[in-house]
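If you want the numbering used here, it's the position in the sequence shown, counting the first as 1, plus 128. Ideal Cβ placement from N, Cα and C applies to all residues, glycine included.
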Amino acid sequence: MHRHFISAICVISLFGFVQALGQSTRDKSMQGTILLGSAELTPGMSRGAVIARLGESYELKRVGNSDGWLVVPKQNGGKSDDLSSAIGNVVFKKDMLDSISKDWGPQDQIKGADFGQSIYGAIASLANKGKTHCQIHVEENHQPTVNTRAAFIICGDEYIKVDIIRTSEGEFSLVSEVLSAVE
Numbered sequence: 129m130h131r132h133f134i135s136a137i138c139v140i141s142l143f144g145f146v147q148a149l150g151q152s153t154r155d156k157s158m159q160g161t162i163l164l165g166s167a168e169l170t171p172g173m174s175r176g177a178v179i180a181r182l183g184e185s186y187e188l189k190r191v192g193n194s195d196g197w198l199v200v201p202k203q204n205g206g207k208s209d210d211l212s213s214a215i216g217n218v219v220f221k222k223d224m225l226d227s228i229s230k231d232w233g234p235q236d237q238i239k240g241a242d243f244g245q246s247i248y249g250a251i252a253s254l255a256n257k258g259k260t261h262c263q264i265h266v267e268e269n270h271q272p273t274v275n276t277r278a279a280f281i282i283c284g285d286e287y288i289k290v291d292i293i294r295t296s297e298g299e300f301s302l303v304s305e306v307l308s309a310v311e
């Protein structure tokens, strides 16, 4: 599959998810930002402001008939025909930025499928148990022979841990679901 096809599906899914959340569930005073390439974007920005921030280095490629757009770097100062280089996407509603999605990769979507299945399986396991009120946490540990980074989704007595371990032998990733005794 081509990366732009997968990104298009993600835009459509994201658009549907945002619609399902509904505007009333968003706390406008706590509105965050996402740095998409070199542009800082916030939901609620006007279409013109988004295009102005992205326009110097990126171009927008429409996804289907939606008001969702892939954000693609301009190549050599011109237009890009390589949609696989998209760095994310933006969705507009009534000429206002409704959602932003930042693509963290991997560039090779086929190689990333197994890792994506692992993350999905772990999260689905917690969700199917009704564990949906969770917290997130990250840790880093740097030693002379090994560097580790871990990300956690903590849901009471159970959590998901994503480890990234770098040694002289290479870099490894592991997704774990952990149930621990309550203290």
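Burial state of residue i, where buried means 16 or more other Cβ atoms lie within 10 Å
i    : result
D223 : exposed
F300 : exposed
Y287 : buried
G216 : buried
A214 : buried
A252 : exposed
D242 : exposed
A309 : exposed
V199 : buried
A255 : exposed
S296 : exposed
Whole-angstrom C-beta distance between residue j and residue i, which should lie under 8 Å
i    : j    : result
G165 : Y186 : 6 Å
K259 : G284 : 6 Å
G192 : V219 : G192 to V219, Cβ: 12 Å. No contact.
R277 : I292 : 5 Å
V306 : I247 : Incorrect: roughly 15 Å between the Cβ atoms, too far for contact.
V266 : A279 : 5 Å
Same chain only: Cβ atoms within 6 Å of residue i, ignoring 5 sequence neighbours per side
i    : result
V275 : One detail in the question is off: residue 275 reads as Asn in this sequence, not Val. Only R294 meet the Cβ criterion.
R181 : A167
F133 : Residue placement at F133 cannot be trusted, given a pLDDT of 47 that sits under 50; the coordinates are not used to answer.
E268 : R277
V290 : A279, V303
Collapsed DSSP secondary structure at residue i in the structure displayed
i    : result
S185 : coil
V191 : coil
G84  : Residue 84 lies beyond the range of the chain shown here (129 to 311); nothing can be said about it.
T161 : coil
A279 : strand
A309 : coil
D291 : strand
E299 : strand
K166 : Looking at the sequence itself, residue 166 is Ser, so the reference to Lys does not match. Looking at S166 - three-state DSSP - the assignment turns out to be coil, as it is neither helix nor strand.
Beta-carbon proximity list for residue i, same chain, < 7 Å, skipping 5 on both sides
i    : result
C262 : I281, I282, C283
T161 : E168, L169, T170
Residues near residue i in its chain [Cβ-Cβ closer than 8 Å; skip 5 each side]
i    : result
I179 : L188
S174 : D223, M224, L225
Any beta strand (DSSP E) of 3 or more consecutive residues that is wholly inside the stretch 196-270: 196-201, 216-221, 224-230, 263-270
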